[in-house]
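Residue numbers (the working numbering): 4 to 250.
Just so you know, even glycine gets a beta-carbon here, dropped at the ideal spot from N, CA and C.
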């Protein structure tokens with residue numbers, strides 16, 4: 004019984020019709036739950052809609068928890084202890100908590116209700132569990148996490164070094180080191196908002212060098228992800244050739 008339940012709530016591979024229906028249903032619920040975030044006003048219909056969606060999310064969370072031993076292929080108690088700390092379980096929990104009335108009433112006193120409302124956006128990440136294309140993207144990030152981690156470390160290091168240089172070269176243009184970090188991040192991504200900028204010649208030279216290197220750093224993850232995507236598509240095609248029943 005629990006094994007069949009796990010098969011239904013798990014991501015469908017196209018062969019299990021009931022699992023596919025469940026995936027489509029959950030994606031629809033997630034999208035519906037995000038609709039109230041588009042409006043500034045709160046309507047009674049939105050409150051009812053949110054309660055229904057959250058109830059479904061809670062049931063889904065419980066079902067996944069009680070079948071965690073099949074997910075981790077470990078039929079011991081450690082599987083149930085491990086599940087709440089998995090990435091998707093944390094996303095599920097964060098997307099549920101903001102709508103719980105008890106928490107909302109308590110955090111109103113601390114004026115954090117808007118923050119918890121914003122946390123509902125995490126429900127969008129739940130789509131990665133049910134969308135086949137989204138799962139392909141997730142697999143790419145999993146397989147390429149090593150190279151992407153190195154690029155991330157390189158980017159963070161470059162931002163910090165650039166911020167340190169510009170903050171010391173042109174202290175009058177930056178009120179704090181955070182402003183320098185903000186400027187370095189904007190320069191790295193070549194966005195160039197223009198709200199903070201250097202005015203001295205040395206500062207402008209640093210900006211030009213930072214922007215040129217920033218283009219190279221930003222291009223690295225795009226190439227890695229593209230290569231990973233092509234490999235993933237190739238693997239899917241080979242799998243279909245081996246098993247024609249896979250859709």
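Contacting residues, own chain, Cβ-Cβ under 7 Å from residue i (five flanking each side not counted)
{"i": "residue 55", "result": "none"}
{"i": "residue 57", "result": "99 and 102"}
{"i": "residue 113", "result": "Here the model assigns residue 113 a pLDDT of 41, short of 50, so the residue's position is not dependable, and the following value carries that caveat. Excluding residues within five positions, none has a Cβ falling inside 7 Å."}
{"i": "residue 105", "result": "Caution is warranted here: a pLDDT of 45 is assigned to residue 105, below 50, making its placement in the model unreliable, and the coordinate value is therefore given only provisionally. Taken in chain order, the list of residues that qualify is empty."}
{"i": "residue 84", "result": "none"}
{"i": "residue 196", "result": "189"}
{"i": "residue 182", "result": "199"}
Buried or exposed (CB count within 10 angstroms, at least 16 for buried), residue i
{"i": "residue 67", "result": "buried"}
{"i": "residue 208", "result": "exposed"}
{"i": "residue 129", "result": "buried"}
{"i": "residue 26", "result": "buried"}
{"i": "residue 147", "result": "buried"}
{"i": "residue 236", "result": "exposed"}
{"i": "residue 210", "result": "buried"}
{"i": "residue 179", "result": "exposed"}
{"i": "residue 86", "result": "buried"}
{"i": "residue 78", "result": "exposed"}
{"i": "residue 80", "result": "exposed"}
Proximity of residue i and residue j at Cβ, strictly below 8 Å
{"i": "residue 143", "j": "residue 206", "result": "no"}
{"i": "residue 188", "j": "residue 218", "result": "no"}
{"i": "residue 9", "j": "residue 70", "result": "yes"}
{"i": "residue 150", "j": "residue 227", "result": "yes"}
{"i": "residue 176", "j": "residue 213", "result": "no"}
{"i": "residue 95", "j": "residue 12", "result": "no"}
{"i": "residue 32", "j": "residue 59", "result": "yes"}
{"i": "residue 191", "j": "residue 240", "result": "no"}
Contact set for residue i: own chain, Cβ-Cβ below 8 Å, skip 5 residues either direction
{"i": "residue 109", "result": "Its pLDDT being 48, under 50, residue 109 is placed unreliably by the model, and the measurement read from it follows with that caveat. Answer for residue 109: no residue qualifies."}
{"i": "residue 185", "result": "199"}
Residue i versus residue j - alpha carbon distance
{"i": "residue 5", "j": "residue 238", "result": "31 Å"}
{"i": "residue 233", "j": "residue 44", "result": "44 Å"}
{"i": "residue 22", "j": "residue 40", "result": "28 Å"}
{"i": "residue 47", "j": "residue 53", "result": "10 Å"}
{"i": "residue 88", "j": "residue 82", "result": "10 Å"}
{"i": "residue 92", "j": "residue 28", "result": "19 Å"}
Any non-hydrogen atom of the ligand PLP within 7 Å of residue i CB
{"i": "residue 164", "result": "In the structure shown, the ligand PLP is absent, as is every other ligand, since no ligand is present at all."}
Next on the checklist: Under 8 Å, with one C-beta from each stretch per pair, do the segment 69-79 and the segment 19-39 reach the 3-pair mark?
Outcome noted: Contact fails: fewer than three Cβ-Cβ distances are below 8 Å.
Checklist entry - Are there three or more Cβ pairs, one per stretch, closer than 8 Å when the segment 201-218 is compared with the segment 167-178? => result Segments in contact, yes.
Next on the checklist: Whether or not the segment 209-224 and the segment 150-162 are in contact is what I'm after, with contact meaning three or more pairs of Cβ atoms, one per stretch, closer than 8 Å; do they touch?
Outcome noted: Enough Cβ pairs lie closer than 8 Å, so yes.
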